[in-house]
Amino acid sequence: MLRDSYMKTLIGFATLVVQTDAFWRLPCSSPVVVQRADPIMYPDAVSDHTHTIMGSNAFNFTMDYAETQTATCSTCKAVQDLSNYWVPNLYYHAENGSFASVQQVGGALIYYLQRTDPNDPNAAEGLIPFPKDFRMLAGDPDNRNFTDKPEQRAVSFVCLGTEGPATYELPSQNCPGGLRTQIIMPSCWDGQNLDAPDHKSHMAYPSGLDNGACPASHPKRFITIFYEVTWSVDDFKDMWYGDKQPFVFSTGDPTGYGYHADFVNGWDIPTLAKAIRECTAASGVIEECGAFQLRSDDDMKACRVAPRVDEAVGGVLRALPGCNPVRAGPGPAVAPANCRDGARIGDPVLPFTDVAEKLGWKYVACAKDPQGQARTLPGASLDQPDMTVEACVAACGAQGFAFAGVEYRSQCFCGHGVPPDRLPANGTQGDCGLPCAGDAGQFCGGAAQVAVYAKCGDPGHCENAVS
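Per this note's numbering, the sequence shown starts with residue 12, numbered consecutively.
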């Protein structure tokens, strides 16, 4: 259902921004981690629902600006941006009560919109960069109806591949091109507080959500951030049932009214200030902004944080992670009483299978194996539907190879070494987290990413590389 004329025109947000002000798009290639973590709402604790988190590998259960600057990589394009951006995950709710994670298309596209207004209280000052330790939350995860508040009008959903306009609630039809979830972050600051008890009241929306004047209570103006995250809902096109759409966010929200987003600033502040002043193109192409150094796509995709909550958040699940029964409203969602979740922050769950003690082979790295080029491990190879790490290591070892690698769930490659240029960049982990075809509890590489193991010279001193 449409609520106002703004939504009737918001089919493609990029079309709007090209017609108005300068901006740039910050591509984030993939999540850096997916888990129940939220250092804004749940510092130093497991959060109550899962998030997909984009940005730097300094992300942690508690973090400040100084910690963001220790990052060695990010899934987002600008080298000088070590921020983190996160939103709730989307799941398919099956007729039998189970849940299946919906594949995220890439990571996110973050728009930085250079919008001011002559009626801003501090109009002469113009846009200012986010300060150190700044953070904010937009939206309310407990909302289950539409009340026309600015924070709800800042959320929208676009059903790609259809003729319909954007909506404030999850679409009631399949989206062949994917479901794009969108949220505008507030840009008016009170000028004093880096956070607030509710993580929102230090910020406010301008009169037009992404344009217009700031209120006198929040006179300072930041650059406007707008998130786009797209989900492959078309994978479930033949699995709809009943008279309602079957998707639900990780909060147990089947409406979309509880969609929300978080931001922790990790920008190099002089660089962001320079970009605000100098990157005035209306194209949105980040390569046209000379203020930034840019990461390669390979380095972005290789950046990961190892999860520290040992629970399944993807695949088919009996229930949503945490205590999140589906709650359609219209009243606010209320946490279940006496929830015994039991999840704890533990040691990192690293994306490899430890066979060092059992087989005398150590994990080396998640290496690149680009399509259309010579194989990283160019010796023998096999592809079998019951592939495991043990099977690959045994096959390569039996043929006299000292290196074995598993890739794309079912493939195995052998060799005598790894070219240095195929190893992940310093501080990155690679993207080798696909489950093995023969054992979903093991990791068997990724798309054009091979998880490499090496035979230990001394089985008594066989240690995995876990950096």
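C-beta: ideal position from N, C-alpha, C; glycine also.
These numbers come from a predicted model, not from an experiment.
So residue i packs on residue j, CB below 8 Å; how close in whole Å?
i	j	result
C455	R420	5 Å
I7	Y238	Nothing can be reported for residue 7: it is not among the residues displayed for the chain, which extend from 12 to 478.
M147	W97	Going by Cβ atoms, the distance from M147 to W97 rounds to 12 Å, so no, they are not a contact pair.
L3	V244	There is no way to answer for residue 3, as the model of the chain reaches only from 12 to 478.
V417	C423	6 Å
A385	Q410	Their Cβ separation, rounded to whole angstroms, is 19 Å, which puts A385 and Q410 out of contact at 8 Å.
V337	G263	5 Å
Q256	P182	7 Å
Q193	V169	7 Å
T79	G277	3 Å
H213	N204	4 Å
Buried or exposed: where does residue i fall if 16 or more other Cβ atoms within 10 Å of its Cβ makes it buried?
i	result
N130	exposed
D273	buried
H60	buried
K312	buried
G353	exposed
T178	buried
G427	First, the amino acid is wrong: residue 427 is His here, not Gly. Exposed, by the Cβ-count rule.
V275	buried
R47	buried
V345	exposed
K369	exposed
T158	exposed
Q91	buried
G333	buried
V327	exposed
By DSSP, does residue i sit in helix, in strand, or in coil?
i	result
T79	helix
Q422	strand
R164	helix
K211	coil
A376	strand
H104	strand
A451	strand
A339	coil
Q460	strand
A25	Residue placement at A25 is flagged as unreliable, the pLDDT there being 37, under the threshold of 50; a coordinate-derived value is accordingly withheld.
A89	strand
M12	Reliability of the predicted coordinates at M12 is poor, the pLDDT of 33 falling under 50, and the value obtained from them is presented with this limitation in mind. The answer is coil: DSSP assigns M12 none of H, G, I, E or B.
G471	helix
P446	strand
M398	coil
C39	strand
F233	strand
I64	strand
A272	strand
M311	helix
I280	helix
A415	strand
G408	helix
Could you say which of the options lies nearest to residue i if we only look at CA atoms?
i	options	result
N154	A339, A391, Y464	A339
D279	D144, I297, M250	D144
L101	G150, G267, A346, T399	G267
S85	P54, S41, S112, T158	S41
T387	D394, C377, P132, H229	C377
Y103	A330, S58, C225	A330
P396	A224, D450, H213, V324	D450
A436	F260, Y270, S307	S307
T81	A406, S94, K88	S94
A479	K88, E162, A476, Q184	Since the displayed the chain opens at 12 and closes at 478, residue 479 lies outside it and no answer follows.
D249	P187, S218, A317	P187
P341	A69, E180, F168, T83	E180
A111	C290, D365, F260	F260
D55	N107, V43, V45, F70	F70
G471	G371, D358, V400	G371
Identify, in the order they occur along the chain, each residue of the same chain with its Cβ nearer than 6 Å to the Cβ of residue i, setting aside the five sequence neighbours on each side.
i	result
I195	A165, L220, D221, F237
T241	V116, G189, R191
A367	K373, C473, N475
A415	C403, V404, C407, C425, Y464
Taking 8 Å as the limit between beta carbons, can you name the residues of its chain near residue i, skipping five residues before and five after?
i	result
G468	none
T127	A134, G137, L138, R232
C298	It should be pointed out that residue 298 corresponds to Glu in this sequence rather than to Cys. Excluding sequence neighbours, E298 sits near L305.
D49	S58, H62, W97, D273
D394	S421, Q422, C423
T439	N68, T83, C84, D310, A313, C314, R315
Quick one: what's got a C-beta closer than 7 Å to residue i's C-beta in the same chain, skipping five residues either side?
i	result
Y123	F34, W35, L37, I234, I236
I356	V57, F72, R319, V320
P208	none
A302	T282, K285, A286, E289, C290
P389	G426
N156	Y268, G340, P341
Does residue i come within less than 8 Å of chain B when only Cβ atoms are used?
i	result
F110	Of the chains in the structure shown, none is chain B; there is only one protein chain.
Quick check: does the Cβ of residue i come within less than 7 Å of any heavy atom belonging to the ligand ADP?
i	result
H472	Among the components of this structure there are no ligands whatsoever, and the ligand ADP is therefore not found.
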